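Input: a single structure, listed below in structure tokens.
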Amino acid sequence: MVHLTAISRSGSVTPSEEPTAAQAAAPAGASGPTLSVNDRPSLHKSLSQVKLSSYADEFTTSVYGSQFAGQDLPKHSMPAGAMPRDVAYHMIKDHLSLDNNPKLNLASFVTTYMEDEAEKLMTEAFSKNFIDYEEYPQSADIQNRCVNMIGDLFHAPHGGDSIGTSCIGSSEAIMLAVLAMKRRWKLRRQAEGKPTDRPNIIMSSAVQVCWEKAARYFEVEEKYVYCTETRYTIDPDEAVALIDENTIGIAAILGTTYTGHYEDVKGINDLLVEKGLDVPIHVDAASGGFVAPFVLPDLEWDFRLPQVVSINVSGHKYGLVYPGVGWVVWRSHEYLPQDLIFNINYLGAEQSSFTLNFSKGASQVIGQYYQFIRLGRRGYESIMSNLTRTADYLTDVLEKSLGFVIMSERQGQGLPLVAFRFKTAQEGGKQRHYDEFALAHHLRSRGWVVPAYTMAPHTNEMKMLRVVVREDFSKSRCDLLIHDIKLCVAMLENMDAETVRKQEEFIKEHIATHGKTKHQHRHHASKHYTGEEHSLQGKTGKTHAIC
Ligand SMILES: *Cc1c(COP(=O)(O)O)cnc(C)c1O
2 MVHLTAISRS
12 GSVTPSEEPT
22 AAQAAAPAGA
32 SGPTLSVNDR
42 PSLHKSLSQV
52 KLSSYADEFT
62 TSVYGSQFAG
72 QDLPKHSMPA
82 GAMPRDVAYH
92 MIKDHLSLDN
102 NPKLNLASFV
112 TTYMEDEAEK
122 LMTEAFSKNF
132 IDYEEYPQSA
142 DIQNRCVNMI
152 GDLFHAPHGG
162 DSIGTSCIGS
172 SEAIMLAVLA
182 MKRRWKLRRQ
192 AEGKPTDRPN
202 IIMSSAVQVC
212 WEKAARYFEV
222 EEKYVYCTET
232 RYTIDPDEAV
242 ALIDENTIGI
252 AAILGTTYTG
262 HYEDVKGIND
272 LLVEKGLDVP
282 IHVDAASGGF
292 VAPFVLPDLE
302 WDFRLPQVVS
312 INVSGHKYGL
322 VYPGVGWVVW
332 RSHEYLPQDL
342 IFNINYLGAE
352 QSSFTLNFSK
362 GASQVIGQYY
372 QFIRLGRRGY
382 ESIMSNLTRT
392 ADYLTDVLEK
402 SLGFVIMSER
412 QGQGLPLVAF
422 RFKTAQEGGK
432 QRHYDEFALA
442 HHLRSRGWVV
452 PAYTMAPHTN
462 EMKMLRVVVR
472 EDFSKSRCDL
482 LIHDIKLCVA
492 MLENMDAETV
502 RKQEEFIKEH
512 IATHGKTKHQ
522 HRHHASKHYT
532 GEEHSLQGKT
542 GKTHAIC
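Just so we're aligned, residue 2 is where the sequence shown starts under our numbering, counting upward by one.
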């Protein structure tokens, strides 16, 4: 991950950067102890005319009595001096307290709850570098066990003896799967004496951004099957019709990030078989891979289908592990070309490796193994069943009591999430002077993170809201959310159109989607990198769903 930071140097929140005459004239030594972390004016200095203490040993008081509590936290260069550890801890913790509460973050699929024992195991493994197989052979073994269990869960032909690897998330997993498909295609083309310069991949326009990245980074042309106003997934016929001799594979999503629909993997598979086209399918089961096997065990989407050659799943989504783990599994050796594998003799031990990263922590893999053996299939079944019930309950209330249009599936036919939007006037809804984005903003002021999106391209810029039902979103928390949705809609109803418009303008101008000031938000993308035009977002205005 490249962080493109561009923190403005004028970003200080101190009222004045210039020392006042009084400060400048203050005798040396009156400005407190020499522990100063930076040379900006601090409260201690600027108030030095008043009789306020500035004891040299002030760090023995509470954190908030120390000089550090009166200074800016360093932003642009590493401070010259040190600070006491408890002060550093509290200053950073306090700074982070303006982040949203992860439990109220209904935007993300990523795990926000693990048991104390899992946390303990993971904390104990913080200092282990997963890649040091020689030093930590047990951790490497635990990864292999997890790969086997996942392969078995997805009906890989070699079941409990599967080919795959852990990675940082589904994005890395998908990069690896794309590389494997591309290399296999290239080797075959070379053997046939045919050109290998124009590979392409087929996918739906509802793909997560990592597919666009994979295609662009590895120079594979993207061929899209566009969603429509009534179909939010890939159309198997259209997908298969796009195939040509340069197609390295078809991506199918088990649980799209917008509406949670499962794409028709079997439909694509059967068409390929029927037409005798040996084109591989990769299933992006980032979210659905740990849901469908438990809630819809008879749905055929995995290695039961002969054309499915590889599958990715995010351990940190419904795999129930904190962020930082994903998995990719191949049907068999045949689909992972030997020439992509590196056998590394690292610090004495031979291991084969196929990842984009090298060093990483071992905690996440260990956390995954904990969840697998602690919960077992029955545990996952119970959790996923509860999530499905909660999603159904929320769906019913939003539709029947609050009059929203539901865009997601019910009864476990898709991911446990609820995608919904206001009824349009044409659908019999009332004339409204506010939209889904306004509701999202008002919910945010109550602490809930319920994102609003513009749907995948070619869906007439349809707007929607989405609530992801995660393990820690219980029925009673769901009731609190429903209460607040009612409250916020009533509030919007009572506001006149002009106020709503002004408020939206203010939010757009000053507050980015993440509740930060415009200024702070600039951290995420330097001005050199805004306004790109190569992606689906750049070309069509699609906004990506958070996952
Ligand atoms: C979350 C998600 C990804 C990306 O996964 P990470 O684990 O966050 O890298 C890719 N595809 C889909 C469908 C997703 O939901």
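No residue lacks a Cβ here, since even glycine has one placed at the ideal position from N, Cα and C.
For clarity, every value in this text was computed on a predicted model and none was experimentally measured.
Rounded to the nearest angstrom, what separates residue i and residue j at their Cα positions?
i      : j      : result
Met115 : Ile374 : 14 Å
Thr541 : His459 : 8 Å
Val326 : Cys168 : 6 Å
Pro196 : Ile249 : 13 Å
Leu571 : Leu255 : Nothing can be reported for residue 571: it is not among the residues displayed for the chain, which extend from 2 to 548.
Glu428 : Arg422 : 12 Å
Ala453 : Val179 : 30 Å
Ser311 : Val451 : 32 Å
Met408 : Asn495 : 27 Å
Ala83  : His91  : 15 Å
Leu444 : Val469 : 15 Å
Asn145 : Ile93  : 37 Å
Tyr370 : Asp279 : 35 Å
Cys211 : Ser54  : 55 Å
Val148 : Gly377 : 15 Å
Ala141 : Ile367 : 10 Å
Asp497 : Lys424 : 19 Å
Lys543 : Lys509 : 17 Å
Asp436 : Asn313 : 35 Å
Ser128 : Gly362 : 7 Å
Tyr381 : Arg86  : 40 Å
Gly430 : Ser333 : 52 Å
Lys401 : Tyr394 : 11 Å
Tyr259 : Leu99  : 27 Å
Cys489 : His442 : 9 Å
Val398 : Phe291 : 26 Å
Ala439 : Met123 : 40 Å
By the 10 Å Cβ neighbour count, where 16 or more other Cβ atoms means buried, how is residue i classified, buried or exposed?
i      : result
Met463 : buried
His317 : buried
Ala426 : exposed
Gly539 : exposed
Asp285 : buried
Tyr218 : exposed
Thr231 : exposed
Phe405 : buried
Ala23  : Only weak support is given to the placement of Ala23: the predicted model assigns it a pLDDT of 41, under 50, and the value that follows is read from those uncertain coordinates. Looking at its Cβ environment, which holds fewer than 16 other Cβ atoms inside 10 Å, Ala23 is exposed.
Thr500 : exposed
Lys183 : buried
Leu97  : exposed
Val274 : exposed
Gly33  : Low confidence applies to Gly33: its pLDDT is 42, below 50, so where it sits in the model is not reliable enough to give any reading.
Thr62  : exposed
Arg471 : buried
Glu173 : buried
Arg379 : exposed
Leu177 : buried
Glu534 : exposed
Ile342 : exposed
Ser288 : buried
Lys76  : exposed
Pro16  : With a pLDDT of 40 at Pro16, under the threshold of 50, the predicted position of this residue should be treated as unreliable, and no value is reported.
If you check the beta carbons only, do residue i and residue j fall under 8 Å apart?
i      : j      : result
Thr166 : Thr455 : no
Asp303 : Phe155 : yes
Ser315 : Ser171 : yes
Gly415 : Tyr319 : no
Thr611 : Leu321 : Since the first and last residues shown for the chain are 2 and 548, residue 611 lies out of range.
Gly261 : Glu125 : no
Leu403 : Lys476 : no
Ala420 : Arg467 : yes
Ser536 : Glu213 : yes
Thr257 : Thr234 : yes
Gly413 : Leu306 : no
Ile132 : Ser364 : no
Ser67  : Val51  : no
Lys104 : Asp473 : yes
Pro338 : Arg433 : no
Glu222 : Arg199 : yes
Gln308 : Asn270 : yes
Taking only beta-carbon positions, decide if residue i is within less than 8 Å of chain D.
i      : result
Leu418 : Looking for chain D here will not work: only one protein chain is present.
*Using 8 Å as the threshold, is the region 155 to 162 in touch with the region 378 to 393, meaning 3 or more CB pairs across them?*
Too few Cβ pairs lie closer than 8 Å, so no.
*Can we say the region 127 to 147 touches the region 479 to 488, given the rule of at least three CB pairs closer than 8 Å?*
no
*asked:* Quick test of the definition: if touching needs 3 or more C-beta pairs under 8 Å, does the region 237 to 245 touch the region 200 to 214?
replied: yes
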